[in-house]
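In the numbering used here, the protein residues as written are 1 to 542.
We put the CB at the ideal spot given by N, CA and C, even for glycine.
This report concerns only the one structure given below.
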Ligand code: VG1
Ligand code: CO
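What follows is the structure, given as structure tokens:
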């Protein structure tokens with residue numbers, strides 16, 4: 001039944017920040033999926049007879065790719081494949097399921113926060129046995145393999161029915177169609193006090209969870225409405241659709257505008273949240289206040305011990321380099337270590353495995369913990385609910401009290417999207433060339449303390465990752481960081497991260513862009529971004 005198909009290498013199959021992301025039409029080219037999937041299998045060793053987990057966010061082309069993977073994984077010799085019903089499983093759930101069943105690894109089909117649909121994006125990511133994204137050593141090897149591949153193996157069988165729960169066989173391989181939510185929900189019940197959270201909703205607490213027609217709908221519906229008893233209708237846009245119903249499931253105040261407007265208006269519920277395409281990000285909005293992901297990380301880390309899963313306290317906090325320094329203030333006060341890693345969840349895996357960090361987060365709305373090895377949108381919501389159940393205060397008061405105690409890190413990210421690659425590289429090179437001469441220079445009120453090209457030395461496996469973003473640190477705690485996105489599929493995306501520290505409560509209520517105006521001006525001046533890209537303003541400001 002196994003057919004060996006000759007093929008030739010296809011250019012550009014290099015995994016980025018989080019898997020291989022390309023436009024759907026690129027993925028639809030003959031052999032494109034097969035070459036990449038075979039390259040993953042060719043890179044791995046020792047999986048014969050073992051279990052592989054497969055699931056995706058339901059975006060356009062998900063079902064077709066699931067079938068290809070089932071047939072190829074069977075041909076490669078996996079013993080069992082657990083696939084989510086309908087080909088669906090959120091990224092955090094895949095991670096949880098890999099860990100629960102001691103699977104060899106998993107394949108996540110998603111381009112996460114990138115738009116979906118026939119002209120949207122698709123993505124494939126391999127996760128290792130700890131449940132986390134494959135580290136660079138493996139993704140580099142996969143990429144190398146895509147450049148030499150000459151054949152792939154696939155079983156010649158009809159499509160497997162992935163809509164009915166139960167088991168089928170492809171040759172000797174068992175294909176098990178599983179409920180994508182239940183294992184995940186069970187894990188959440190271990191970490192959080194569901195009785196206390198139910199009591200919160202019983203007391204009249206109201207919330208809206210916007211699943212943006214992506215994968216978290218079934219999870220939020222079952223957990224928040226089903227197990228916690230929130231009112232029906234609390235979870236909106238709860239059916240995963242191939243084109244996300246036209247939503248751009250990147251949960252920020254710009255893309256989740258409907259939720260944002262509701263939360264800023266007179267009819268706002270107590271709490272608002274949203275997640276992204278594959279369910280690993282979270283957006284947190286209180287009545288009248290958007291909580292920046294960096295602040296959210298700091299607040300959750302400071303209160304994680306309220307949840308039974310973290311009752312013993314947390315060992316350390318890890319954040320990606322561009323994420324604000326708010327979490328550092330918390331770590332300092334708690335007397336625990338803070339780790340600063342490059343962007344991308346794969347860099348947290350070793351810290352979590354080694355027990356050095358318990359809570360991790362990124363400025364891009366990713367927060368998570370050692371319960372799995374991915375960021376986790378619904379988890380972050382449940383931890384916020386834990387805090388709200390305990391404190392019975394509005395979100396805005398909790399955030400203000402946090403700032404009063406630790407200082408406020410004003411924070412914003414400016415994205416310049418679809419920039420011609422040469423122009424984007426020109427901006428980065430221009431800044432890089434100034435790095436040696438920047439320290440000591442003054443720009444108005446801001447004096448550069450130090451500047452570098454961020455490199456990370458992994459304290460666990462000793463690996464080094466270079467060129468992970470350009471940092472300019474000013475005296476007093478302000479920062480400007482520049483990086484090129486590793487998830488975009490159109491030209492280049494330049495991300496500019498801006499931050500200012502304000503310990504004085506009298507100055508903690510300024511509008512964010514105004515508060516950051518000096519840093520923004522200096523960042524523009526040093527980078528020459530307006531002249532070099534021809535873009536007077538960023539595409540997205542969050
Ligand atoms: C972006 C975010 C990064 C995140 C990555 C994957 O990467 O900045 O923090 O880990 O997306 O998130 P980049 O390289 O475009 O800046 V997800 O939820 O899209 O898998
Ligand atoms: Co995501």
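| Just reading off the beta strand (DSSP E) that residue 124 is part of, what are its end residues? | For the purposes of this step, residue 124 is taken as the residue at position 124 of the chain shown. Taken as a continuous stretch (DSSP letters only), the beta strand (DSSP E) holding residue 124 covers 121 to 127.
| query | Are the Cβ atoms of residue 465 and residue 451 separated by less than 9 Å? | reply | For this step, residue 465 is matched to residue 465 along the chain shown. For this step, residue 451 is matched to residue 451 along the chain shown. No.
| In or out: residue 223 buried (at least 16 other Cβ within 10 Å) or exposed? | Translated into positions along the chain shown, residue 223 becomes position 223. When all chains shown are included, residue 223 counts as buried.
| message | Could you check whether the region 499 to 511 touches the region 29 to 41, counting it as contact only if at least three pairs of C-beta atoms, one from each stretch, sit closer than 8 Å? | response | Short answer: they don't touch.
| residue 470 (DSSP reduced to helix, strand or coil) | As a first step, residue 470 must be located in the chain shown, where it is residue number 470. Looking at residue 470 - three-state DSSP - the assignment turns out to be strand.
| task | Look up residue 4 in the DSSP assignment and say whether it is helix, strand or coil. | result | On the chain shown, position 4 is the one that residue 4 refers to. Residue state, collapsed to three classes: strand.
| field | Separation of residue 492 from residue 421, as counted between CA atoms | value | Counting from one through the chain shown, the residue named residue 421 turns up at place 421. Counting from one through the chain shown, the residue named residue 492 turns up at place 492. So the alpha carbons of these two residues sit roughly 5 Å apart.
| Nearest residue (CA-CA) to residue 349, options 8, 69, 372 and 390 | Translated into positions along the chain shown, residue 349 becomes position 349. Among 8, 69, 372 and 390, the Cα nearest to that of residue 349 belongs to 372.
| request: Determine, using beta carbons only, whether residue 217 comes closer than 9 Å to chain C. | output: Of the protein chains in the structure, only one exists, and it is not chain C.
| request: Report the three-state DSSP secondary structure of residue 29 (helix, strand or coil). | output: Taking the chain shown and counting its residues from 1, the one referred to as residue 29 is at position 29. Three-state DSSP puts residue 29 in coil, outside helix and strand.
| task | Give the single residue among 262, 185, 92 and 51 whose Cα lies nearest to the Cα of residue 173. | result | As a position in the chain shown, residue 173 is number 173, starting the count at 1. The residue with the shortest Cα to Cα distance from residue 173 is 51.
| message | Which residue wins for smallest C-alpha separation from residue 19, given the options 401, 126 and 360? | response | Residue mapping note: residue 19 aligns to position 19 of the chain shown, counting from 1. For the residues 401, 126 and 360, the minimum Cα distance to residue 19 belongs to 126.
| said: Need the endpoints of the alpha helix (DSSP H) that residue 84 sits in, please. | reply: Residue 84 sits at position 84 when you count from the first residue of the chain shown. Residue 84 -> not in any alpha helix (DSSP H); beta strand (DSSP E) instead, spanning 80 to 88.
| said: Could you tell me the alpha carbon to alpha carbon distance between residue 68 and residue 34, rounded to whole angstroms? | reply: Here residue 68 refers to the residue found at position 68 of the chain shown. Here residue 34 refers to the residue found at position 34 of the chain shown. Each residue's CA atom was taken as its position, placing residue 68 and residue 34 some 7 Å apart.
| task | Could you say which of 130, 57 and 270 lies nearest to residue 398 if we only look at CA atoms? | result | What you label residue 398 is simply residue 398 of the chain shown in a count that begins at 1. If we check each option's Cα against that of residue 398, 270 comes out closest.
| said: Please state the DSSP three-state secondary structure of residue 147. | reply: In the chain shown, residue 147 corresponds to position 147, counting from 1. The three-state secondary structure of residue 147, taken from DSSP, is coil.
| query | Cβ atoms of residue 195 and residue 220: under 9 Å apart, would you say? | reply | Taking the chain shown and counting its residues from 1, the one referred to as residue 220 is at position 220. Taking the chain shown and counting its residues from 1, the one referred to as residue 195 is at position 195. No, the pair does not count as a contact, with Cβ atoms beyond the cut-off.
| request: For residue 14, name the three-state secondary structure that DSSP assigns. | output: The sequence position of residue 14 within the chain shown is 14, counting from 1. Of the three classes helix, strand and coil, the one that applies to residue 14 here is coil, per DSSP.
| field | Distance between beta carbons of residue 480 and residue 540, contact taken as under 8 Å | value | Walking along the chain shown from the start, residue 540 turns up at place 540. Walking along the chain shown from the start, residue 480 turns up at place 480. In fact, because the Cβ distance is near 17 Å, the residues do not count as touching under 8 Å.
| Hey, would you say residue 96 sits closer than 9 Å to residue 187, going by beta carbons? | Sequence index remark: in the chain shown, residue 96 carries index 96 (1-based). Sequence index remark: in the chain shown, residue 187 carries index 187 (1-based). Contact check for residue 96 against residue 187 passes: the beta carbons are separated by less than 9 Å.
| query | CB residue 85 to CB residue 11, shorter than 9 Å? | reply | Taking the chain shown and counting its residues from 1, the one referred to as residue 85 is at position 85. Taking the chain shown and counting its residues from 1, the one referred to as residue 11 is at position 11. Residue 85 is not a Cβ neighbour of residue 11, given a cutoff of 9 Å.
| said: Checking 9 Å against the spacing of the C-beta atoms, do residue 59 and residue 243 come in under that value? | reply: By 1-based counting over the chain shown, the position of residue 59 is 59. By 1-based counting over the chain shown, the position of residue 243 is 243. Cβ distance < 9 Å, so residue 59 and residue 243 count as in contact.
| said: So, for residue 82: in the same chain, excluding its five sequence neighbours on each side, which residues have a beta-carbon less than 6 Å away from its beta-carbon? | reply: On the chain shown, position 82 is the one that residue 82 refers to. Same-chain partners within the cutoff: 53, 176 and 178.
| field | Closest residue to residue 544 among 527, 307 and 184 (Cα-Cα distance) | value | Residue 544 falls outside the range modelled here, since the chain spans only 1 to 542, and no answer is possible.
| field | Top-ranked residue by Cα proximity to residue 354, from 458, 180, 65 and 211 | value | For the purposes of this step, residue 354 is taken as residue 354 along the chain shown, with counting starting at 1. Comparing Cα-Cα distances from residue 354 to each of 458, 180, 65 and 211, the minimum goes to 458.
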